[in-house]
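Going letter by letter, the sequence shown gives residues 2 to 268 in the numbering used here. Note that beta-carbon positions come from the ideal geometry of N, C-alpha and C, so glycine has one too. Accompanying notes for the structure given below.
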Amino acid sequence: MENKGTRNLYMIPYALWIILFVIAPIFLVLYYSFFDIEGNFSLVNYKNFFTPVYLQMTLSSFWYAFLITAISLLVAYPTAYLLTRTKHKQLWLLLIIVPSWINLLLKAYAFIGIFGAYGAANNFLEWVGIGSRQLLFTDFSFVFVSVYIFIPFMILPIFNALDNLNPSLLYAAKDLGASGWTTFRRVIFPLTIDGVKSGIQVVFIPALSLFMLTRLIAGNRVITLGTAIEQHFLVTQDWGMGSTIAVFLILIMFLFMGLTGFRKRGA
């Protein structure tokens with residue numbers, strides 16, 4: 002009984018944190034979504050969200066989030082697999098994670114210099130004979146920088162899943178005559194799918210609401226739900242419409258987490 006009381010006491014700070022910084026902001030956003038730009042109670046914001054402009058913006062956000070997540074996964078899985086086979090894997094993993102500690106704004110400005118007209122990327126293209134190209138403010142630069150920023154978060158859960166894989170299962174597959182591809186398809190990937198799902202969640206959800214990179218790297222050529230929320234809150238001062246978009250974004254995030262959630266067999 003005493004242990005239960007102590008445990009409940011320790012839960013108080015956690016509960017206060019969840020109420021103040023998770024539940025309260027969500028309810029506040031939901032509350033503002035029912036008011037128009039003039040402060041009148043209305044459902045016009047929800048009606049406007051289902052117009053072609055915002056639906057197209059939603060599809061665009063999904064497309065770029067999918068592209069960023071897919072490329073990150075294609076690069077991260079073999080990278081994580083190779084890391085588990087290296088001698089100093091923890092050191093290499095640390096070197097991959099360290100860039101994620103740098104401020105996002107600093108990394109964005111660094112890539113502005115790299116992809117600029119006189120940056121390192123164009124200097125390299127001129128050196129190989131291709132010539133200078135418009136790299137900054139393009140879809141390519143936006144996706145490239147986004148993948149660079151998110152890829153450590155995709156590598157880490159996949160690396161942990163691969164690193165915890167029982168080697169005897171791989172030896173058993175080899176003894177039974179399974180090829181390398183068959184072993185990966187029937188043994189390695191199914192047993193590490195939890196790490197893949199975690200990585201997809203960690204990358205796809207924040208990629209869905211990007212807004213800083215759309216301005217600095219894409220030059221507003223890429224418009225996402227995150228960009229629209231920023232515009233409504235900081236430029237047009239239409240907090241109601243911005244909150245409505247945020248509500249749908251939250252619902253989409255919860256739905257995606259439910260779809261990519263997993264339950265181990267026997268659980």
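For Phe-51, there is no enclosing alpha helix (DSSP H), as DSSP marks it with neither H nor E. Ala-208 and Ile-69 do touch by the CB rule: their CB atoms are close to 5 Å apart, below 8 Å.
Distance from the CA atom of Ser-34 to the CA atom of Val-23, rounded to whole angstroms, is 17 Å.
The Cβ atoms of Met-155 and Gln-202 do not sit closer than 8 Å to each other. DSSP places Ser-142 in the uninterrupted alpha helix (DSSP H) bounded by 140-164. For the pair Arg-134 and His-89, the Cα-to-Cα distance works out to about 39 Å. The C-beta distance from Ser-142 to Ala-219 rounds to 7 Å, short enough to fall under 8 Å. Thr-225 has its alpha-carbon roughly 14 Å from the corresponding atom of Leu-217.
In the DSSP assignment, Phe-255 forms no beta bridge with any residue. As a beta-bridge residue in DSSP terms, Phe-42 pairs with Phe-36.
With fewer than 16 other Cβ atoms from the protein chains shown falling within 10 Å of its own Cβ, Ser-180 counts as exposed. Rounded to the nearest angstrom, the gap between the Cα atoms of Ile-13 and Leu-171 is 46 Å. Arg-187 is the residue among Arg-187, Leu-60 and Phe-36 whose C-alpha sits nearest the C-alpha of Ala-174. Within the same chain, Asp-239, Met-242 and Gly-243 come within 6 Å of His-233 by CB-CB distance, once the 5 residues on both sides are set aside. Distance from the CA of Val-30 to the CA of Gly-200, rounded to the nearest whole angstrom, comes to 27 Å. Assignment of Thr-87 by DSSP, reduced to helix, strand and coil, places it in the coil class. Around the Cβ of Val-54, a 10 Å sphere holds fewer than 16 other Cβ atoms; the residue is exposed. Cβ-Cβ distances below 7 Å link Ile-159 to Ala-77, Tyr-78, Ala-81, Thr-193, Gly-196, Val-197 and Gly-200 in the same chain, with the five nearest sequence neighbours on each side left out; the list follows chain order. Looking at the backbone, the Cα of Tyr-65 and that of Asp-176 are separated by about 43 Å.
At a Cβ-Cβ threshold of 8 Å, Tyr-32 and Thr-245 do not count as neighbours. For Asn-124, the uninterrupted alpha helix (DSSP H) run begins and ends at 121-128, by DSSP. Within the same chain, and ignoring the five residues on either side of Thr-228 in sequence, the residues whose Cβ sits closer than 6 Å to its Cβ are Phe-212 and Thr-215.
Taking C-alpha positions only, Gly-130 is separated from Phe-145 by approximately 22 Å. Counting only the Cα atoms, Gln-57 lies some 20 Å from Leu-44. DSSP, reduced to helix, strand and coil, places Arg-222 outside both helices and strands of the structure shown, so it counts as coil. CA-to-CA, the gap between Ile-189 and Val-248 works out to about 38 Å.
The C-beta separation of Arg-222 from Asp-140 comes to about 7 Å, placing the pair in contact by the 8 Å criterion.
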